[in-house]
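Student:
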Amino acid sequence: MLDTELLPASEADSKWLMVVLHGLGDSMEGYRWLPNALANPKLNFLLVNAPDNYHGGFSWYDIYENPT
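In numbering that gives the first Met the number 0, the protein residues as written are 0 to 67.
1) So what does DSSP say about G56, is it helix, strand or coil?
2) Whole angstroms is fine: what's the gap from P40's alpha carbon to A8's?
3) So, at 7 Å on beta carbons, what are the nonlocal neighbours of L16 in its own chain, with the 5 sequence-adjacent residues on each side left out?
4) Who pairs with N43 in a beta bridge, going by DSSP?
5) Should N52 and M27 be called a contact, given that it needs their Cβ atoms to be closer than 9 Å?
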């Protein structure tokens, strides 16, 4: 199961959703500023952490896996 957090829109009935995926070694914490920066009252935000640990952050896949 992925670690997620829903940041609701200020307009209660909004169905708009932005799914926020971070880059390698980052986490959802790096994007908590985004709702305030975009300032869209209709936009819900779903912040998601990748499943694999990577140097204090997270990775979406095992980059060290050797496919051969």
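Heads up, the beta-carbon is just placed ideally off N, CA and C, and yes, glycines get one too. Small disclaimer: the values here were computed from a predicted structure and weren't measured.
Tutor: The short version:
1) strand
2) 6 Å
3) N43, L45
4) L16
5) no
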